[in-house]
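Peer 1:
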Amino acid sequence: MNPPRPGPPPPPPTIRRATVDDAAAFARINGDPAVLRNLMQLPYTSEPIWRARLAEMTVPGRGDLLLVAEQEVGGAQRVVGTAGLHPVSALPRLRHAAMLGISVAVEAQRQGVGGALMQAMCDYADRWMQVQRLQLDVYVDNTPALALYRRFGFEHEATQRAYALRDGAYVDSHTMARMHPQPPSAALQAGDAAPPAGAAAAAHPQASASGNWTLGTADDDDVDGIATLMALPGVVENLLLAPLTPPDAVRKALLEPPRECAIVARSEGRVIGYASLAVQAAVRRRHAATLVACVAPAWQRRGIGGALVTALVDWADRWAGLLRLELGVQDGNAAGLALARRFGFALEGTQRAAVLREGIFVDQHLLARLHPAPPQASARAQA
Ligand SMILES: CC(C)(COP(=O)(O)OP(=O)(O)OC[C@H]1O[C@@H](n2cnc3c(N)ncnc32)[C@H](O)[C@@H]1OP(=O)(O)O)[C@@H](O)C(=O)NCCC(=O)NCCS
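For the sequence shown, counting from 1, position 117 maps to 328 in my numbering; every step adds exactly one.
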């Protein structure tokens, strides 16, 4: 247990992102028996173990944030605290949650280091990471950590019995969480509307009223059918692929960026419509997804496009926590523009000569739709 805070407060520590070269400091701090008993770490940790972990968690594009706190000791900066903020899951339905861990070297405890690391992680989660819920686990007898977490607004949610083995005995653990105190919101415009009446609850694929086509999740066997559909005259011009693109290249285009939601309309086993959402990979754009939809010309004007977009909007609004759906419609694609507008997409601008189509550069209209009533963790918690 750390001693009471003595004398005047020391200068605040410097917080910076951890690198693999901090492996020795991570091993030293988290391997100290007095610290590791409060964590999920095991004895006999080592610098190579931490080097491997840090290498894995600091790969660009990963959502983890690893921080160190440094204090000036004898004229040199020394790492005295480590902390990590990690996405709970990549699953769309859990994307709003992150978990955190923290440890401060025994000799630097009770000097504001833990508080500085917590402040940095809460700020990062609230202001940059698009997270509404921060959660953690803390052993029930870890009084300093419990006090620290309460100070930062974490509340007790559960006590899990015999949660982990600690030095020969099982120890109970509290689960605590803090909701974003002020989740960011976006101002809606007049054009941002809910889906048309009767279009709700469509994430579960259905059959058409006439019964001659059905909607379903796009699966691996559909790729060639989707490629064929996308190459049809009347479709290919309005997408970004060129005619004569071989199926392998189409397959690549369908997977990159990865689609988190992809749906097909089928008739007698043939793919006659396709729509997908690709969620933006950058953490700061994770609230946005790009929509693509197309229907075979022979099947247009039968409600298939509407059914496909209804399913995507429902998925985005009710299952994926997306705030913003965006799409590009090439100039002259009246059907695409009308469909987007029906679902509350508003015109945000036009990119001149943006796409080459049949020897001519055409403009591309950029449209987006904001969620009319995005779910908010803090609002629910207060209710
Ligand atoms: C928990 C821990 C990270 C706190 O770090 P720290 O640098 O000592 O914390 P700070 O000095 O910034 O203190 C911040 C607040 O935490 C609380 N706190 C810290 N130590 C405390 C103690 N011994 N008793 C009661 N409250 C304490 C207080 O609210 C304190 O604010 P205050 O000083 O204004 O009263 C540190 O004790 C630690 O690393 N422990 C071992 C590893 C661990 O338990 N990690 C958490 C696992 S869930």
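From the three backbone atoms N, C-alpha and C, an ideal C-beta is built for every residue, glycine too. On a predicted model such as this, the values are computed, not experimentally measured, just so you know.
Count the CB pairs spanning the segment 425 to 443 and the segment 452 to 469 that are closer than 8 Å, and state whether there are at least three.
Peer 2: Short answer: they touch.
Peer 1: Do valine 351 and serine 384 have their beta-carbon atoms positioned less than 8 Å apart in this structure?
Peer 2: Here residue 384 refers to the residue found at position 173 when the sequence shown is read from its first residue. Here residue 351 refers to the residue found at position 140 when the sequence shown is read from its first residue. A contact, by the Cβ cut-off of 8 Å.
Peer 1: Rounding to the nearest angstrom, what Cα-Cα distance links arginine 563 and leucine 578 in this structure?
Peer 2: Position 352 of the sequence shown, counted from the first residue, corresponds to residue 563. Position 367 of the sequence shown, counted from the first residue, corresponds to residue 578. Looking at the two C-alpha atoms, the distance is approximately 14 Å.
Peer 1: Examine ligand 1 and report whether any of its heavy atoms sits within less than 7 Å of the Cβ of threonine 370.
Peer 2: Mapped onto the sequence shown, residue 370 falls at position 159. Outside the cutoff, so no.
Peer 1: Name, in chain order, the residues that DSSP records as bridge partners for cysteine 505.
Peer 2: On the sequence shown, position 294 is the one that residue 505 refers to. Answer is Tyr485, bridged to cysteine 505.
Peer 1: With a threshold of 16 other CB atoms inside 10 Å of the CB of threonine 521, please say whether the residue is buried or exposed.
Peer 2: Locating residue 521 in the sequence shown gives position 310, where the first residue counts as 1. It counts as buried.
Peer 1: Using the Cβ count rule (16 or more neighbours within 10 Å means buried), how would you classify proline 371?
Peer 2: Numbered from its first residue, the sequence shown carries residue 371 at position 160. According to the sequence shown, residue 371 is glutamine rather than proline. So glutamine 371 counts as exposed.
Peer 1: Between alanine 411 and the rest of its own chain, which residues show a CB-CB distance below 6 Å, the 5 nearest in sequence each way excluded?
Peer 2: Stepping through the sequence shown from its first residue, residue 411 is reached at position 200. In this prediction, alanine 411 has a pLDDT of 44, which is less than 50 and means its spatial position is unreliable; what the coordinates show is noted afterwards. So no residue of the chain qualifies.
Peer 1: Does the beta-carbon of asparagine 353, which I'm using as the reference point, lie nearer than 7 Å to any heavy atom of ligand 1?
Peer 2: Numbered from its first residue, the sequence shown carries residue 353 at position 142. Checking every heavy atom of ligand 1 against the Cβ of asparagine 353, one is found closer than 7 Å.
Peer 1: Thinking just about the alpha-carbon of each residue, which of Thr354, Arg228, Pro469 is nearest to the one in leucine 265?
Peer 2: Within the sequence shown, the letter at position 54 stands for residue 265. It is Arg228 whose Cα lies nearest to the Cα of leucine 265.
Peer 1: Using a threshold of 7 Å, is the CB atom of leucine 558 nearer than that to any non-hydrogen atom of ligand 1?
Peer 2: As a position in the sequence shown, residue 558 is number 347, starting the count at 1. No - ligand 1 has no heavy atom lying nearer than 7 Å to the Cβ of leucine 558.
Peer 1: Do the segment 350 to 366 and the segment 315 to 332 make contact, defined as three or more Cβ pairs closer than 8 Å?
Peer 2: Taking 8 Å as the limit for Cβ pairs, the verdict is that the segment 315 to 332 does touch the segment 350 to 366.
Peer 1: Could you check where the beta strand (DSSP E) with glutamine 575 kicks off and where it finishes?
Peer 2: In the sequence shown, the residue the question calls residue 575 occupies position 364. Run containing glutamine 575: 571 to 581, per the beta strand (DSSP E) assignment.
Peer 1: Any idea if serine 487 is buried or exposed, counting beta-carbon neighbours within 10 angstroms, 16 or more meaning buried?
Peer 2: Indexing the sequence shown from 1 puts residue 487 at position 276. Under this definition serine 487 is a buried residue.
Peer 1: Rounded to whole angstroms, how far is the Cβ of isoleucine 240 from the Cβ of alanine 294, which I believe are closer than 8 Å?
Peer 2: The residue given as residue 240 occupies position 29 in the sequence shown. The residue given as residue 294 occupies position 83 in the sequence shown. That pair is no contact at about 10 Å.
Peer 1: Does the beta-carbon distance from histidine 582 to aspartate 528 come in below 8 Å?
Peer 2: Here residue 582 refers to the residue found at position 371 when the sequence shown is read from its first residue. Here residue 528 refers to the residue found at position 317 when the sequence shown is read from its first residue. The answer is yes: Cβ separation under 8 Å.
Peer 1: According to DSSP, is glutamate 281 helix, strand or coil?
Peer 2: Your numbering for residue 281 matches position 70 in the sequence shown. Of the three classes helix, strand and coil, the one that applies to glutamate 281 here is strand, per DSSP.
Peer 1: May I have the straight-line CA-CA distance separating alanine 473 from tyrosine 485, to the nearest angstrom?
Peer 2: Translated into positions along the sequence shown, residue 473 becomes position 262. Translated into positions along the sequence shown, residue 485 becomes position 274. Whole-angstrom Cα-Cα distance: 7 Å.
Peer 1: With a CB to CB cut of under 6 Å and the five nearest residues on each side skipped, what residues in its chain are close to valine 482?
Peer 2: Position 271 of the sequence shown, counted from the first residue, corresponds to residue 482. Within the same chain, valine 482 has close Cβ partners Asp433, Gly436, Ile437, Leu440, Val475.
Peer 1: Among all the DSSP beta bridges, which residues are the ones paired with valine 349?
Peer 2: Locating residue 349 in the sequence shown gives position 138, counting from the first residue. DSSP, once it has assigned bridges, lists His385 as partnering valine 349.
Peer 1: Just to confirm my understanding: we take methionine 340, look at its own chain, exclude 5 residues before and 5 after, and list those with CB closer than 7 Å. What are they?
Peer 2: Locating residue 340 in the sequence shown gives position 129, where the first residue counts as 1. Hits under 7 Å: Ala309, Val494.
Peer 1: Per DSSP, what kind of secondary structure is threonine 293 in: helix, strand or coil?
Peer 2: Residue 293 sits at position 82 when you count from the first residue of the sequence shown. The answer is strand: DSSP assigns threonine 293 an E or B state.
Peer 1: Is leucine 534 closer than 8 Å to histidine 498 when the C-beta atoms are compared?
Peer 2: Counted from its first residue, the sequence shown places residue 498 at position 287. Counted from its first residue, the sequence shown places residue 534 at position 323. Taking 8 Å as the Cβ cut-off, histidine 498 and leucine 534 qualify as a contacting pair.
Peer 1: In terms of alpha-carbon separation, which member of Glu559, Ile571, Arg512, Gln587 lies closest to alanine 164?
Peer 2: With the chain covering only 212 through 594, there is no way to say anything about residue 164.
Peer 1: How is the alpha helix (DSSP H) around threonine 439 delimited, first residue to last?
Peer 2: As a working note, residue 439 is residue 228 in the sequence shown. Unbroken alpha helix (DSSP H) run through threonine 439: 434 to 442.
Peer 1: What does the alpha-carbon distance come out to for the pair aspartate 542 and aspartate 574?
Peer 2: Here residue 542 corresponds to residue number 331 of the sequence shown, with the count starting at 1. Here residue 574 corresponds to residue number 363 of the sequence shown, with the count starting at 1. Computed Cα separation, rounded: 5 Å.
Peer 1: How far does the beta strand (DSSP E) with tyrosine 374 in it extend, from its first residue to its last?
Peer 2: On the sequence shown, position 163 is the one that residue 374 refers to. 366 to 377 is the extent of the beta strand (DSSP E) around tyrosine 374.
Peer 1: Using DSSP with H/G/I as helix, E/B as strand and the rest coil, what is glutamine 330?
Peer 2: Here residue 330 refers to the residue found at position 119 when the sequence shown is read from its first residue. It is helical.
Peer 1: State the DSSP-derived secondary structure class of threonine 456, mapped to helix, strand or coil.
Peer 2: Sequence index remark: in the sequence shown, residue 456 carries index 245 (1-based). The answer is coil: DSSP assigns threonine 456 none of H, G, I, E or B.
Peer 1: Give the range of the beta strand (DSSP E) segment to which arginine 535 is assigned.
Peer 2: Working through the sequence shown from its first residue, we reach residue 535 at position 324. Its beta strand (DSSP E) spans residues 535 to 541.
Peer 1: For a test of your reading of the model: does the CB of valine 246 fall under 7 Å from any non-hydrogen atom of ligand 1? Yes or no.
Peer 2: Position 35 of the sequence shown holds residue 246. Under cutoff, so the answer is yes.
Peer 1: Quick check: does the Cβ of isoleucine 437 come within less than 7 Å of any heavy atom belonging to ligand 1?
Peer 2: As a working mapping, residue 437 is identified with position 226 in the sequence shown. No, the Cβ of isoleucine 437 stays beyond 7 Å of every heavy atom of ligand 1.
Peer 1: With a threshold of 16 other CB atoms inside 10 Å of the CB of glycine 547, please say whether the residue is buried or exposed.
Peer 2: By 1-based counting over the sequence shown, the position of residue 547 is 336. Label assigned to glycine 547: buried.
Peer 1: Which residue wins for smallest C-alpha separation from valine 299, given the options Thr225, Leu311, Leu567, Gly427?
Peer 2: Working through the sequence shown from its first residue, we reach residue 299 at position 88. Measuring from the Cα of valine 299, the nearest candidate turns out to be Leu311.
Peer 1: Check the DSSP bridge columns for leucine 426 and list the partner residues they point to.
Peer 2: Indexing the sequence shown from 1 puts residue 426 at position 215. Bridge partners of leucine 426: Ala476.
Peer 1: To the nearest angstrom, how far is it from the Cα of valine 490 to the Cα of methionine 387?
Peer 2: Numbered from 1 along the sequence shown, position 279 holds the residue referred to as residue 490. Numbered from 1 along the sequence shown, position 176 holds the residue referred to as residue 387. Approximately 29 Å, taken between the alpha carbons.
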